[in-house]
Each structure stands twice: as C-alpha cells, then as structure tokens.
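Asker:
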Ligand code: PMP
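Numbering (this note's numbering), first residue to last: 96 to 465.
Okay, here's the thing in structure tokens:
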C-alpha cells in the first residue's frame, strides 16, 4: 500500500500493459523506448497521450495547446515568468503553502534578470509558518486587469490544503489570466478548466511517472509569450512543434497514455473523483473520530482529498505510527520533512481498500496508544 507523495503509486493496469508491450510494441519488434520520436509508431502514442490529457482535463485542442515538457513543475516556476512576466509587467501570487512560495521566489529571480514584478496578493502563512487554508476572495490584494497573470496552487502537497472542494473555497475570481500549479491534484477531480489560462503539473503524482510535465495553455497565452528568451524556453516553440521540438521523454509520455487510458476505462474524472472523495473521507473520519488523538490542522473546507495530513500527540508516537504502519505494508506515511507529522498521499491510483486499511490501523493504534 503505497502512500508516497510522488513519484507515487501507478495503476496496476497501466504497468501490466507496459509489461505486455515492453519488448515488442505493437508488433514492431522493439520497445516503444527504442522508436524514433519522429516515427509513426511513437507519434501515434504521443498524439493519443495529448488527446487524452485534452479530453479528460477539458482543454480542447482547438482552443488550447497541450504540451509535454521536461524539468518538472519546478522548471515551470521559472519558465512561466520568463514567458509571461516581461519588463514593466506585474504578476500576483496567491500563496497557500511551500510550493506557492517557491513559485513566487523563482519569479523574483526572473525579475532580477530582466523580468517584471511579482507581488504576493495574499498569503495564508501563519505566525508559526504553517498553512491551514486558502484565502477568501476579500483577502486578495489583486493588481486587477493590468496584471500579466495571477498564480495559484490548487493543492498544496506538503500542507494538505486544497481549493474548490466545495462552494466555500472557490479559486480566486480574477480579471487577469489565471495560472494554476495543479501538480498534485490534476485530474483527481473535476474542475472547470475554462476559468484558467495556463494549467501545469508534473505527471508523477496523479497521471504518470516523473520526467513528464504537462502544460496546457489557452492559445492566446501561448501567442502572448516573450519572443526574446531562448527558443527552447518559449512555450510557443513547444506548441508549434507539438511537443516534438527536441526529443521528448517518450517512455514517460507512453506511461501517461497508459495511465489516462486506465482512467478513462474506469469511468473518467467523475468516477475517479467519487472514489477519491471516499478514500479521503475514510481517513478524515478516522482522524475526527479519534477523540483528539489525531489532529488535522487544516480547516475542514480546505482539507485536501489528495494529501491528508495529521499529527499525533508527540513526535515519538508519530515515529512509532510510521514504523508500525510499515510493518503492516503501508509505506510513505511520514510527513514532509519541512512540517513533520503524518501524510497519506492518496492520488488516483491509490486504492480505496488501502485507505480503509489505513483507517482501521489508525483506529487500532489510537486504542492501543491513545
Ligand atoms: N508544485 C507542487 C504542488 C508539488 O507538489 C511539487 C512536487 N511535490 C512541485 C510543484 C515540484 O514539482 P517537480 O518536482 O516536478 O519539479
């Protein structure tokens, strides 16, 4: 039972398909990894992966560019301001955790080499440096229509804080283009893609292995990107070449195809979301039903359905919890080193039965040690 935060569990069906196809891909006598990225065999996989992202994410290819790039979301933290935050422009960052902080910090480095001005429009950081919620609309100090963009993180992976799980915590309403880091909840639930102008995410949590990053941009955004930065960093270049400007991570993209193919066969985003909510509920119920032995710091309306975080009364008990859980075949439960505690990452491929087993282990542990 793999509760790793990413790279994370992949659907067994996607891995089995890879095993079956590994040595002789579709009768070609070799693996997909060995095919040219310019050949017909690979191109079919590439196009299928692109179409699956577009279809499931709700970013139709007549209005959006859906790109596969490398370098992870961390590279996007730099590449987005390089493309869209030119001299004289302003971008607003809504910071709800460590990843939003990093995105903002990287935009500042771009400013130092000739970019525009990144501003923090809101931060929900508390005095003890923790984050437990997203801001309300009336807390946002936005530049308004003149801003180059507004940046948000839909799910803060370390803190377990997520937007728009219900009507109380919607994504910000903004006049400027809205850019979202969806690394840890992309396709984990249905969101209206139309409210965004750029959506980006590393694949390694919900939709594939590490090494592939998805960037979906409305075509107007792609066109708006700076032309005076190196060619390879312009999203325009990647878009004009259908993510084949240079050699893409072909095997990773192939595995994204397998993973999204599995998702579609499972009933698509709605079916996955229903299951994800059930998975999260099993664990939150164990926390809330523990009489205070387990404590989730996150405000209920922002409690992530992808990364469930909680504390035990002491660090020693937390250590014992992780150790005993591992003996029951549940791995990856140690909280991020920046915050401590426990974290269960329950992305799309994590099974409901694992979450139920974890909840039952939690009840038992609380009885014995509480
Ligand atoms: N943003 C979020 C929300 C993340 O969870 C992560 C990775 N944990 C990143 C960005 C950085 O991603 P990468 O390691 O792919 O650069």
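Built from N, CA and C at the ideal position, the CB exists for glycine as well.
Remember, predicted model here, so these are calculated numbers, not experimental data.
1. Is residue 248 near ligand 1 - that is, is its Cβ less than 7 Å away from at least one heavy atom of it?
2. Any heavy atom of ligand 3 closer than 7 Å to the beta-carbon of residue 252?
3. For residue 158, collect the residues of the same chain with a Cβ closer than 8 Å to its Cβ; drop the 5 residues on either side in sequence, then sort them by chain order.
4. Just verifying my parser: in three-state terms, what is the DSSP assignment at residue 330?
5. Thinking C-beta only, is residue 257 closer than 8 Å to residue 401?
6. Assuming the contact rule is C-beta atoms closer than 8 Å, residue 171 and residue 243 should be a hit. Round their C-beta distance to whole Å, please.
7. Regarding residue 276 and ligand 1, is the C-beta to nearest heavy atom distance less than 7 Å?
8. In the DSSP assignment, the alpha helix (DSSP H) including residue 348 goes from what residue to what residue?
9. Is it right to say residue 374 is buried, meaning 16 or more other beta carbons lie within 10 angstroms of its own, or is it exposed?
10. What first and last residue would you give for the beta strand (DSSP E) that runs through residue 392?
11. With a 10 Å radius around its C-beta and 16 neighbouring C-beta atoms as the bar for buried, classify residue 125 as buried or exposed.
12. Residue 352: buried (16+ other C-beta within 10 angstroms of its C-beta) or exposed?
13. Does at least one heavy atom of ligand 1 sit under 7 Å from the Cβ of residue 377?
14. Over what stretch of residues does the alpha helix (DSSP H) that includes residue 178 continue unbroken?
15. Can you name, in chain order, every residue of its own chain whose Cβ lies under 6 Å from the Cβ of residue 300, other than the five neighbours on each side?
16. Given a cut-off of 8 Å, decide if residue 151 and residue 355 are closer than it, judged by their beta-carbon atoms.
17. Contact between the segment 135 to 147 and the segment 381 to 398: three or more CB pairs below 8 Å?
18. Just to check, is the beta-carbon of residue 363 closer than 7 Å to a non-hydrogen atom of ligand 1?
Answerer: By the coordinates alone:
1. Distances from the CB of residue 248 to the heavy atoms of ligand 1 include at least one below 7 Å.
2. Although ligand 3 was asked about, the structure shown includes only ligand 1 as ligands.
3. 313 and 314.
4. Per DSSP, reduced to three states, the secondary structure at residue 330 is helical.
5. Cβ distance < 8 Å, so residue 401 and residue 257 count as in contact.
6. About 15 Å; that fails the 8 Å criterion.
7. Within the cutoff, so yes.
8. Counted as a single uninterrupted DSSP element, the alpha helix (DSSP H) harbouring residue 348 occupies residues 345 to 360.
9. When all chains shown are included, residue 374 counts as buried.
10. Note, residue 392: premise wrong, no beta strand (DSSP E); not H, not E.
11. Per the 10 Å Cβ criterion, exposed.
12. Residue 352 should be labelled buried.
13. Residue 377: no, Cβ never under 7 Å from ligand 1.
14. First-last of the alpha helix (DSSP H) with residue 178: 167 to 179.
15. Non-local C-beta neighbours of residue 300 in its own chain, meaning closer than 6 Å and more than five positions away in sequence, comprise 101, 103, 279 and 442, ordered along the chain.
16. Yes, they are a contact pair.
17. Flag = no, the segment 135 to 147 and the segment 381 to 398 do not touch.
18. Outside the cutoff, so no.
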